[in-house]
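Respectively, the protein sequence lines represent chains A and B.
Residue numbers for the first sequence follow numbering that gives the first Met the number 0, so the first one is 0 and each next one is one higher.
Residue numbers for the second sequence follow numbering that gives the first Met the number 0, so the first one is 0 and each next one is one higher.
Protein chains: 2
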Amino acid sequence: MGRHTLEYPKTKDNTVRRHNERAIYALETIHRLINSSQLLDVSFNPPDSPFPVILPMIGQMGSFDRPSADLGDPMDLYLHGYVSSRMMNVARATDKDKPEGGDKQQGLPVCIAASHVDALILATSAFNHSYNYRSVVLFGYATLVEDEAEKMYAMEIITNGVVHDRWKTSRQPPTKAEMQSTSILKVSITSGSAKFRDGGVSDDKHDLQNEEAQNSVWTGVLPVFSSIGEPLPTTYNKVEVPANVTNFIKDYNNENKEYVLSAVKK
Amino acid sequence: MGRHTLEYPKTKDNTVRRHNERAIYALETIHRLINSSQLLDVSFNPPDSPFPVILPMIGQMGSFDRPSADLGDPMDLYLHGYVSSRMMNVARATDKDKPEGGDKQQGLPVCIAASHVDALILATSAFNHSYNYRSVVLFGYATLVEDEAEKMYAMEIITNGVVHDRWKTSRQPPTKAEMQSTSILKVSITSGSAKFRDGGVSDDKHDLQNEEAQNSVWTGVLPVFSSIGEPLPTTYNKVEVPANVTNFIKDYNNENKEYVLSAVKK
Numbered sequence: 000m001g002r003h004t005l006e007y008p009k010t011k012d013n014t015v016r017r018h019n020e021r022a023i024y025a026l027e028t029i030h031r032l033i034n035s036s037q038l039l040d041v042s043f044n045p046p047d048s049p050f051p052v053i054l055p056m057i058g059q060m061g062s063f064d065r066p067s068a069d070l071g072d073p074m075d076l077y078l079h080g081y082v083s084s085r086m087m088n089v090a091r092a093t094d095k096d097k098p099e100g101g102d103k104q105q106g107l108p109v110c111i112a113a114s115h116v117d118a119l120i121l122a123t124s125a126f127n128h129s130y131n132y133r134s135v136v137l138f139g140y141a142t143l144v145e146d147e148a149e150k151m152y153a154m155e156i157i158t159n160g161v162v163h164d165r166w167k168t169s170r171q172p173p174t175k176a177e178m179q180s181t182s183i184l185k186v187s188i189t190s191g192s193a194k195f196r197d198g199g200v201s202d203d204k205h206d207l208q209n210e211e212a213q214n215s216v217w218t219g220v221l222p223v224f225s226s227i228g229e230p231l232p233t234t235y236n237k238v239e240v241p242a243n244v245t246n247f248i249k250d251y252n253n254e255n256k257e258y259v260l261s262a263v264k265k
Numbered sequence: 000m001g002r003h004t005l006e007y008p009k010t011k012d013n014t015v016r017r018h019n020e021r022a023i024y025a026l027e028t029i030h031r032l033i034n035s036s037q038l039l040d041v042s043f044n045p046p047d048s049p050f051p052v053i054l055p056m057i058g059q060m061g062s063f064d065r066p067s068a069d070l071g072d073p074m075d076l077y078l079h080g081y082v083s084s085r086m087m088n089v090a091r092a093t094d095k096d097k098p099e100g101g102d103k104q105q106g107l108p109v110c111i112a113a114s115h116v117d118a119l120i121l122a123t124s125a126f127n128h129s130y131n132y133r134s135v136v137l138f139g140y141a142t143l144v145e146d147e148a149e150k151m152y153a154m155e156i157i158t159n160g161v162v163h164d165r166w167k168t169s170r171q172p173p174t175k176a177e178m179q180s181t182s183i184l185k186v187s188i189t190s191g192s193a194k195f196r197d198g199g200v201s202d203d204k205h206d207l208q209n210e211e212a213q214n215s216v217w218t219g220v221l222p223v224f225s226s227i228g229e230p231l232p233t234t235y236n237k238v239e240v241p242a243n244v245t246n247f248i249k250d251y252n253n254e255n256k257e258y259v260l261s262a263v264k265k
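Structure representation (structure tokens):
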């Protein structure tokens, strides 16, 4: 109320150049899209290869120091991965590699991306085909979380990001072995942006006036839905499907369907 | 028939370390997954930033020199992008930056990734939660396609990758302006791998024997489906939904549903 909407500053990394009318820099929109993405693609540069490497990971925005932060506030990104993976090793090496008596280094430079495809847009010309989509990109420095309480906080928000309230409705507390075998990366965000495409077909004038084309080419939108089906319990499950799971499925299916169909009409 | 299955050689870039029993190196599996991905995340290093950049792009595997190549053969990846984008500029610069009298440089090092989430796996412990998924990664060198015929070939396979047979059922031929404003990147692949997770919940023994946990935690699988809805024609469309679109929707929906449900049972 009365507060300004925070936006990520435009840098050479995050500035959307093509179709910049579709660009969004608002923290809230970007953070919400990250949190609703089942997988995030995380890119980093290993020290021994010409290629950047992309790993799919699970993550959520959070603020351990200020847990009351909302999605419109500056936040960190917590990523779940594995001690043995190459990325963790690089992040740990970077972390330790601090100058004599100097400050801790800022971490491993990473780029994080996620996209939802909402519709296939079939235009008269192949070159005007498009997708409705929501995509997001973040840039920042990743470090390994060492603090046990912060690791626990990250595991809780990441688990709840998969299914709302799943953390406290799963077996608690975590065992020592579980905590030890789990590594969490914390990304301190430097910039980010999102890009949304909505609406219907956008045909060129000369194609609309091309009678032969209009009499032969079907034009329109094919909506793409993501949905969650009936829960399939394990053979040994003894519990009714809990309300948080039922509600999660209902909300997931409704929100996706409504967004996809409303986006076409924009 | 009688031919060996080709596999990408394991390098330090593409070797799957964590859960290596889930790794797949067969060209056919990897290429098929790329071709069925609506978006590919492409990562590269711009010359003026510490961060790798990820751009979502559309692409298909192909072989312009040997169009009869099948998915099990060595192939190139064709990516559709924009002249104005940062990546294209870098690829073009790299392309021109050849040594005096020497060979053309090999191009811009890129990593390409795509993932499908097929199910959410809810275990007794939060730490045994997982996804069923299919993910793929490719590494290679990207160059701009200059040859008009090769650009046309790439546009055709990329358009048909969105909806089977869409190229020839859209307005033909492309205009000069369309061809000029379109840039295609060709990635010469050096290595790749895929990783699949299927099956159901995998609980630890101590959780299965924990009566309190088994009496309170719901365990099971939530299948995630991707589906295409009823086609929504433009207001000016004059054509019946063509068979290739109808069949594409039916195949897309059936194949996705069947895969997701059969993967859970593995």
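C-beta atoms are modelled at their ideal positions from N, C-alpha and C, and glycine is treated no differently.
In whole angstroms, what separates the C-alpha of Thr174(B) from that of Glu229(B)? Along the second sequence, one-based indexing puts residue 174(B) at 175. Along the second sequence, one-based indexing puts residue 229(B) at 230. Each residue's alpha carbon lies about 31 Å from the other.
Based on the DSSP output, what are the partners of Glu6(A) in its beta bridges? Translated into the one-based positions of the first sequence, residue 6(A) becomes position 7. Looking at the DSSP assignment, Glu6(A) forms a beta bridge with Ala25(A).
Could you give the DSSP three-state label for Thr158(B): helix, strand or coil? Position 159 of the second sequence holds residue 158(B). Looking at Thr158(B) - three-state DSSP - the assignment turns out to be helix.
Quick one: what's got a C-beta closer than 7 Å to Asn34(B)'s C-beta in the same chain, skipping five residues either side? On the second sequence, position 35 is the one that residue 34(B) refers to. Cβ within range, chain order: Gln59, Met60 and Gly160.
Judging by CA-CA distance, which residue of Ala25(B), Leu76(B), Ser67(B) and Pro49(B) is the nearest neighbour of Asp40(B)? Sequence index remark: in the second sequence, residue 40(B) carries index 41 (1-based). Answer by Cα proximity: Leu76(B).
Contact with chain B by Tyr24(A), beta-carbon distance below 8 Å: Taking the first residue of the first sequence as position 1, residue 24(A) is located at position 25. So, not an interface residue.
With C-beta atoms as the reference, is Val136(B) less than 8 Å away from Ser192(B)? Counted from its first residue, the second sequence places residue 136(B) at position 137. Counted from its first residue, the second sequence places residue 192(B) at position 193. Taking 8 Å as the Cβ cut-off, Val136(B) and Ser192(B) qualify as a contacting pair.
Quick check: is the beta carbon of Glu177(B) nearer than 8 Å to any beta carbon in chain A? As a first step, residue 177(B) is located in the second sequence; it is residue number 178 there, counting from the start. Yes, Glu177(B) lies at the interface with chain A (some Cβ there is under 8 Å from its Cβ).
Along chain B, which residues have their Cβ under 9 Å away from the Cβ of Arg281(A)? Outside the shown range of chain A, which is 0 to 265, sits residue 281(A), and nothing can be said about it.
Just tell me which of Ile111(A), Thr245(A), Leu143(A) and Pro73(A) has its CA closest to the CA of Gln105(A). Start at 1 with the first residue of the first sequence, and residue 105(A) comes out as number 106. Comparing Cα positions, the closest option is Leu143(A).
So Ala112(B) is in the beta strand (DSSP E); what residue range does that whole segment cover? Numbered from its first residue, the second sequence carries residue 112(B) at position 113. Its beta strand (DSSP E) spans residues Leu107 to Leu121.
Could you have a look at Phe50(B) and say whether DSSP puts it in helix, strand or coil? Translated into positions along the second sequence, residue 50(B) becomes position 51. Looking at Phe50(B) - three-state DSSP - the assignment turns out to be coil, as it is neither helix nor strand.
Close Cβ partners of Asn127(A) (< 7 Å) along its chain, the five nearest in sequence each way excluded: Reading the first sequence from its first residue, position 128 is the one you call residue 127(A). Same-chain partners within the cutoff: Ser201, Asp202 and Asp203.
Taking only the alpha-carbon atoms, compute the straight-line gap between Val15(A) and Asp117(B) and give it to the nearest angstrom. On the first sequence, residue 15(A) is found 16 positions in, with the first residue counted as 1. On the second sequence, residue 117(B) is found 118 positions in, with the first residue counted as 1. Their Cα atoms are separated by approximately 31 Å.
What does a CB cutoff of less than 7 Å around Ile156(A) pick up in its chain, not counting 5 residues either side in sequence? Position 157 of the first sequence, counted from the start, is the residue given in the question as residue 156(A). The beta carbon of Ile156(A) is closer than 7 Å to those of Gln59, Gly61 and Tyr77 in its chain, skipping five residues each way along the sequence.
Under 9 Å, CB to CB, which of the residues in the region 44-67 of chain A have a partner in chain B? Asn44, Pro45, Asp47, Ser48, Pro49, Phe50, Pro51, Val52, Ile53, Leu54, Pro55 and Ile57
Under the rule that 16 or more other beta-carbon atoms within 10 Å means buried, what is Leu119(B), buried or exposed? Translated into positions along the second sequence, residue 119(B) becomes position 120. Leu119(B) comes out buried.
Can you give me, in chain order, the residues of the region 205-219 of chain B that have a beta carbon less than 9 Å from any beta carbon in chain A? Of all residues in the region 205-219 of chain B, His205, Asp206, Leu207, Asn209, Glu211, Ala212, Gln213, Asn214, Ser215, Val216, Trp217, Thr218 and Gly219 have a Cβ within less than 9 Å of some Cβ in chain A.
Classify Gln171(B) as buried or exposed, calling it buried when 16 or more other Cβ atoms lie within 10 Å of its own Cβ. On the second sequence, residue 171(B) is found 172 positions in, with the first residue counted as 1. Taking a 10 Å sphere around the C-beta of Gln171(B), we find fewer than 16 other C-beta atoms and assign the residue as exposed.
Which two residues bound the contiguous alpha helix (DSSP H) that contains His205(A)? Position 206 of the first sequence, counted from the start, is the residue given in the question as residue 205(A). Where His205(A) is concerned, the enclosing alpha helix (DSSP H) stretches over Lys204 to Leu207.
I'd like to check one pair, Tyr130(B) with Leu107(B): are the Cβ atoms closer than 8 Å? Your numbering for residue 107(B) matches position 108 in the second sequence. Your numbering for residue 130(B) matches position 131 in the second sequence. Not a contact, by the Cβ cut-off of 8 Å.
Going by DSSP in three states, Tyr251(B) sits in which element: helix, strand or coil? For the purposes of this step, residue 251(B) is taken as residue 252 along the second sequence, with counting starting at 1. Helix at Tyr251(B).
The alpha helix (DSSP H) with Lys185(B) in it runs from where to where? For the purposes of this step, residue 185(B) is identified with residue 186 of the second sequence, where counting begins at 1. DSSP places Lys185(B) outside any alpha helix (DSSP H); the residue lies instead in the beta strand (DSSP E), whose first and last residues are Ser182 to Arg196.
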